[in-house]
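There are 2 protein chains.
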Amino acid sequence: MLSEQQLIELISGVARSGDPVATGIGDDAAVLDDGTVLSCDMLVEGVDFERARSTPWQIGARAAAVNLSDLAAMAARPVCLLAAFGIPAGFEEVAELAAGIASHGVPLAGGDLSRAGELTVTITAVGRAERPVLRSGGRPGDLLAVTGTLGGQAASGYTAEIVPRLQEGIQLAGLASAMIDLSDGIATDAARLAHASGCGGRVLLGRLPLAEGATVEMAASGGEDYELLAAIPPGRALPPWLTVVGELAEGDRMVMVDADGHPRDMAGWDHFT
Amino acid sequence: MLSEQQLIELISGVARSGDPVATGIGDDAAVLDDGTVLSCDMLVEGVDFERARSTPWQIGARAAAVNLSDLAAMAARPVCLLAAFGIPAGFEEVAELAAGIASHGVPLAGGDLSRAGELTVTITAVGRAERPVLRSGGRPGDLLAVTGTLGGQAASGYTAEIVPRLQEGIQLAGLASAMIDLSDGIATDAARLAHASGCGGRVLLGRLPLAEGATVEMAASGGEDYELLAAIPPGRALPPWLTVVGELAEGDRMVMVDADGHPRDMAGWDHFT
Numbered sequence: 003m004l005s006e007q008q009l010i011e012l013i014s015g016v017a018r019s020g021d022p023v024a025t026g027i028g029d030d031a032a033v034l035d036d037g038t039v040l041s042c043d044m045l046v047e048g049v050d051f052e053r054a055r056s057t058p059w060q061i062g063a064r065a066a067a068v069n070l071s072d073l074a075a076m077a078a079r080p081v082c083l084l085a086a087f088g089i090p091a092g093f094e095e096v097a098e099l100a101a102g103i104a105s106h107g108v109p110l111a112g113g114d115l116s117r118a119g120e121l122t123v124t125i126t127a128v129g130r131a132e133r134p135v136l137r138s139g140g141r142p143g144d145l146l147a148v149t150g151t152l153g154g155q156a157a158s159g160y161t162a163e164i165v166p167r168l169q170e171g172i173q174l175a176g177l178a179s180a181m182i183d184l185s186d187g188i189a190t191d192a193a194r195l196a197h198a199s200g201c202g203g204r205v206l207l208g209r210l211p212l213a214e215g216a217t218v219e220m221a222a223s224g225g226e227d228y229e230l231l232a233a234i235p236p237g238r239a240l241p242p243w244l245t246v247v248g249e250l251a252e253g254d255r256m257v258m259v260d261a262d263g264h265p266r267d268m269a270g271w272d273h274f275t
Numbered sequence: 003m004l005s006e007q008q009l010i011e012l013i014s015g016v017a018r019s020g021d022p023v024a025t026g027i028g029d030d031a032a033v034l035d036d037g038t039v040l041s042c043d044m045l046v047e048g049v050d051f052e053r054a055r056s057t058p059w060q061i062g063a064r065a066a067a068v069n070l071s072d073l074a075a076m077a078a079r080p081v082c083l084l085a086a087f088g089i090p091a092g093f094e095e096v097a098e099l100a101a102g103i104a105s106h107g108v109p110l111a112g113g114d115l116s117r118a119g120e121l122t123v124t125i126t127a128v129g130r131a132e133r134p135v136l137r138s139g140g141r142p143g144d145l146l147a148v149t150g151t152l153g154g155q156a157a158s159g160y161t162a163e164i165v166p167r168l169q170e171g172i173q174l175a176g177l178a179s180a181m182i183d184l185s186d187g188i189a190t191d192a193a194r195l196a197h198a199s200g201c202g203g204r205v206l207l208g209r210l211p212l213a214e215g216a217t218v219e220m221a222a223s224g225g226e227d228y229e230l231l232a233a234i235p236p237g238r239a240l241p242p243w244l245t246v247v248g249e250l251a252e253g254d255r256m257v258m259v260d261a262d263g264h265p266r267d268m269a270g271w272d273h274f275t
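Chain order of the listed sequences is V and D.
3 is the number of the first residue of the first sequence in my numbering; add one for each residue after it.
3 is the number of the first residue of the second sequence in my numbering; add one for each residue after it.
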């Protein structure tokens, strides 16, 4: 079986950037030349959720949230959502799914339904950004800062409600040099941001703002918190809702540093392994 | 199990039109207030295709085509595609799928991959239309005309290549009062257009342009031809690539009329039954 990274590389072979697609695969979302921002994420039963553990409303709310979080990470404001549902035999709660999707206040503008062997929800989020913030704009010396607290999803058994950081993302448009949402954990996502920016860097694990009940490990690699990680050039005034957790640096390694100053090997998770 | 129509009605309960979504669920695609047109269709293994009968390239090409056809039916020009893949264990031909998606010359701007029990391909097509043509603009007396020939997919066992009628759709922007693409067969889709337009009407089965090897039944209700059906106000000069097959009329019934002048009951197919 191919890894998620390998699959993305395969697709990138035919995906392309260039007019009218200003930024293509590899960022949180695609950006068109008119500032339209597009994100597409798929949730699959048994992989991303279990029907025994989540209500249809929660599944829908979550599917929308992870896409809206991608818009937030580009500093885009949401315009509308599209939803495609794969519906297994006997599942009749599509209205509850749709209500969950619509629960973030972003209109559901269209979609598709198909019979399927397992429940799947694929959302496309459409947004607009005056000044989209990419993953690739970070520079050595930029501070790394996060919104909210980390590890809450892992501590809750991945059942906590996801609140996409849309307002914070828009407010970071004029401040951040690069941004990513924390889907897989900062240990993985900080490395993604640094790699896209052609940098290395470090995250101080002792600085991570821990959610209630969360361990440092949960905060660093539990994943699914959907907070924003922003790179911010030094010397700028930071809003009080950001916590500085590290910095970008020359090089190509993003290191997690523990309280004793030792590097720690903490990978996030790959959806395919 | 709910019918496709019932599911669409359930979703419509939370979907909404209004700024910035000018036209929502119920048309071939959603239209935003800036002329952005969005279509989203999902293809599922065992429902919409069989891996034993289609190559990954063909599956990808088809998934893109049905979405681009929705843009064509709105008189929109395509801007880009997004793709979400559900990938079952052992399937390693994602690059071929993606190449098929890209085969129509529209850039693949982003997407998502997830492990899944069955192969699914969900495409979101993004387009722009100066003058989008809706299903709902038809009036009694408008001619009904189709592009190309009908029944070819049914005659081929649903393996023929789908060529979305993008150029024709754009050329019909200034001419058609209403438009729909023929996904389920004209017996079903003409009724959809008429219903959306608040009309009835008739289609003369003897006028249907038959594809090679196709019967009238295949042309009327075989489905999957993805030709365009346009309503055109009377008295306008028609391009030579259109075939007039009927007209809209007062009332609420769309009737298929055979060569002897008798109404025929020919429903298209429902993806859920």
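Positions of the beta carbon are idealized from the N, C-alpha and C atoms, including for glycine.
From a predicted model like this one, the values you see are computed outputs, not experimental measurements.
Does the beta carbon of residue i sit closer than 8 Å to a beta carbon anywhere in chain D?
{"i": "Thr57 of chain V", "result": "no"}
{"i": "Leu4 of chain V", "result": "Unreliable positioning characterises Leu4 of chain V in this predicted model, as indicated by a pLDDT of 46, which lies under 50. The coordinate reading is nonetheless provided below. Yes, its Cβ sits closer than 8 Å to a Cβ of chain D."}
{"i": "Asp43 of chain V", "result": "yes"}
{"i": "Arg133 of chain V", "result": "no"}
{"i": "Gly263 of chain V", "result": "no"}
{"i": "Asp272 of chain V", "result": "Model confidence at Asp272 of chain V stands at a pLDDT of 44, short of 50, so the residue's coordinates are unreliable; what they give is reported in the following sentence. No, its Cβ sits nowhere closer than 8 Å to a Cβ of chain D."}
Determine, for residue i, whether the minimum Cβ-Cβ distance to residues of chain V falls below 8 Å.
{"i": "Leu168 of chain D", "result": "no"}
{"i": "Ala292 of chain D", "result": "Any question about residue 292 of chain D goes unanswered here, given that chain D covers just 3 to 275."}
For a contact meaning CB atoms closer than 8 Å, what does residue i contact in chain V?
{"i": "Leu34 of chain D", "result": "Val81, Cys82, Ala111 and Val128"}
{"i": "Val49 of chain D", "result": "Ser116, Arg117 and Ala118"}
Check the Cβ of residue i against every Cβ in chain D and list those closer than 9 Å, keeping chain order.
{"i": "Val323 of chain V", "result": "As shown, chain V starts at 3 and ends at 275. That puts residue 323 of chain V outside it, with no answer to give."}
Residues of chain V with CB under 7 Å from residue i, in chain order?
{"i": "Thr38 of chain D", "result": "Thr38"}
Just tell me which of the options has its CA closest to the CA of residue i.
{"i": "Ala162 of chain V", "options": "V:Gly171, V:Leu168, V:Leu152 and V:Glu170", "result": "V:Leu152"}
{"i": "Met256 of chain V", "options": "V:Ala198, V:Val96, V:Ser41 and V:Val218", "result": "V:Ala198"}
{"i": "Glu95 of chain D", "options": "D:Leu244, D:Gly203, D:Pro58 and D:Ala221", "result": "D:Pro58"}
{"i": "Leu83 of chain D", "options": "D:Val108, D:Ala75 and D:Phe93", "result": "D:Val108"}
{"i": "Ala232 of chain V", "options": "V:Arg141, V:Ala261, V:Glu219 and V:Ala156", "result": "V:Arg141"}
{"i": "Ala111 of chain V", "options": "V:Ile125, V:Asp35, V:Leu121 and V:Ala118", "result": "V:Ile125"}
{"i": "Arg79 of chain D", "options": "D:Phe87, D:Leu40 and D:Arg117", "result": "D:Leu40"}
{"i": "Ala239 of chain D", "options": "D:Ala251, D:Leu177, D:Ala31 and D:Asp227", "result": "D:Leu177"}
{"i": "Leu207 of chain V", "options": "V:Tyr160, V:Asp267 and V:Leu115", "result": "V:Asp267"}
{"i": "Asn69 of chain D", "options": "D:Leu168, D:Ser138, D:Ala157 and D:Pro242", "result": "D:Leu168"}
{"i": "Ala175 of chain D", "options": "D:Gly113, D:Gly224, D:Ala74 and D:Thr190", "result": "D:Ala74"}
{"i": "Glu226 of chain V", "options": "V:Gly253, V:Gly203 and V:Asp191", "result": "V:Asp191"}
{"i": "Ala66 of chain V", "options": "V:Thr122, V:Asp186 and V:Leu210", "result": "V:Thr122"}
{"i": "Trp313 of chain V", "options": "V:Gly129, V:Gly143, V:Arg55 and V:Gly171", "result": "A query on residue 313 of chain V cannot be resolved here, the shown segment of chain V reaching from 3 to 275 and no further."}
{"i": "Tyr160 of chain D", "options": "D:Ser56, D:Gly129, D:Thr38 and D:Asp30", "result": "D:Ser56"}
Return the residues of the region 95-124 of chain V that lie within a Cβ-Cβ distance of less than 8 Å from chain D, sorted by chain order. Per Cβ criterion, the list reads Val96, Ala97, Ala100, Ala101, Ile103, Ala104, Pro109, Leu110, Ala111, Gly112, Gly113, Asp114, Leu115, Ser116, Arg117, Ala118, Gly119, Glu120, Thr122 and Thr124.
What residues in the region 79-90 of chain V have a beta carbon less than 9 Å from any beta carbon of chain D? Only those residues of the region 79-90 of chain V whose C-beta falls short of 9 Å from the nearest C-beta of chain D are listed: Val81, Cys82, Leu84, Ala85, Ala86, Phe87, Gly88 and Ile89.
Mind listing which residues of the region 186-200 of chain D have their C-beta closer than 7 Å to chain V's C-betas, in chain order? If you check each beta-carbon in the region 186-200 of chain D against every beta-carbon of chain V, none falls closer than 7 Å.
Of all the beta strand (DSSP E) runs that stay within the bounds of the region 182-219 of chain D, which reach a length of 3 or more residues? As far as the region 182-219 of chain D is concerned, its whole beta strand (DSSP E) runs of at least 3 residues are 202-206.
Inside the region 84-172 of chain V only - beta strand (DSSP E) runs reaching at least 3 residues: Runs found: 110-117, 122-130 and 145-149.
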